[in-house]
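Just below is one structure, and these are the notes that go with it.
Protein chains in written order, with the numbering used here: chain A, 647 to 738; chain B, 26 to 256.
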């Protein structure tokens, strides 16, 4: 039980009764904002896993993934900015 | 002469044996050699990251950092202009709100980063110190947020500090950390803790670059080679 509050009087600039109203909420009502926060967090992580990351324009790394591996965006067309060094090109 | 990409690897000729004997062990020289030995420029600021970093999960860390930049960008005007500004003018209220939402996003992305790197086992491969520095940054962030709530100087701050002081007193820390001391809270929030957070985050990032991004559990051996440009 919250402590007994004095009669609520507010003269205008600041709503003093608002502070008193905060006390009158029950515990479960107060947790709603926490619940929303954790749901947003879970949704963020789920979306980060589900949505494919944009493929790089040019893969200089030479780490070409074999077809069928990865998240399925390997088939995206690759623009050519420059030729990768010969030492990095893997023979497949 | 300008050369093509990757044709001219950067090398620094920094051999102390080429110096006169009395200059081989200077404090600055030893510090410089240690820094560039530990963080070669291509590793400190790499051109590319391994292919397994191609996931939105890895964006949570940089979003946390972006939120931190927003916190500094909105917090500095608030600290300069003072409480009359953030409570009494619409522009001050706007900066106050931006600061508030930057905190919300900071902790949201921090938790997303924390959970994702935990599940991906980012502490493997001699990355324990990186992990601990991240946790330290998180703890500093929590105390910074608490002192921020105590610095608002409105009725919400009064409510939070009068309730929170009992919690702090129960830990035995109340003798020097007094939530009801507004000037102490404000100084901690605008000077001491932001600079501490900045330093810890900077060292955390240095160690991320030192060890590289942790490969996922199922990474292929052929994907684990260092990137060109990452040395």
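A virtual CB, placed ideally from N, CA and C, is assigned to each residue, including glycine.
A Cβ-Cβ contact shorter than 8 Å links residue 163(B) with residue 135(B).
With a beta-carbon spacing of about 6 Å, residue 158(B) and residue 232(B) fall inside the 8 Å limit used to define contacts.
In the structure shown, residue 87(B) falls within a helical segment according to DSSP collapsed to helix, strand and coil. Close CB contacts of residue 69(B) within its chain, under the 7 Å cut and outside five residues either way in sequence, are with 234 (chain order). Segment contact: the stretch 56-63 of chain B against the stretch 101-112 of chain B, fewer than three CB-CB distances shorter than 8 Å; contact not assigned. Spanning the alpha carbons of residue 88(B) and residue 194(B) requires a straight line of approximately 35 Å. Comparing C-alpha distances from residue 172(B) to each of 180(B), 186(B) and 179(B) shows the shortest one belongs to 186(B).
Short of 6 Å from the beta carbon of residue 120(B), and not among the five residues preceding or following it, lie these beta carbons of its own chain, in chain order: 99, 102 and 103. One alpha carbon belongs to residue 141(B), the other to residue 51(B), and they sit about 43 Å apart.
Think of a sphere of 8 Å around the beta carbon of residue 136(B): the chain A residues whose beta carbon falls inside it are 687, in chain order. Note on residue 238(B): 16 or more other CB atoms within 10 angstroms of its CB, so buried under the neighbour-count rule. Scanning chain B for C-beta atoms nearer than 7 Å to the C-beta of residue 691(A) yields 137, 140 and 141, reported in chain order. For residue 697(A), at least one C-beta of chain B is nearer than 8 Å to its own C-beta. Contact annotation for residue 80(B) against chain A: 694, 695, 698, 699 and 717 [CB-CB distance below 9 Å, chain order]. Under the DSSP assignment, residue 124(B) falls in the alpha helix (DSSP H) whose first and last residues are 115-144. When secondary structure is reduced to three states using DSSP, residue 198(B) falls in the coil class, being assigned neither helix nor strand. With a threshold of 16 other beta carbon atoms within 10 Å, residue 132(B) meets it and is buried. The DSSP-derived three-state label of residue 148(B) is coil.
Cα atoms of residue 184(B) and residue 222(B): separation of roughly 26 Å, rounded to the nearest angstrom. Using a CB distance cut-off of 8 Å, residue 130(B) does not count as an interface residue toward chain A.
When DSSP states are grouped into helix, strand and coil, residue 189(B) belongs to the helix group. Its chain contains 96, 99, 100 and 103 as the residues whose beta carbon lies nearer than 7 Å to that of residue 124(B), once the 5 sequence neighbours on both sides are disregarded; these appear in chain order.
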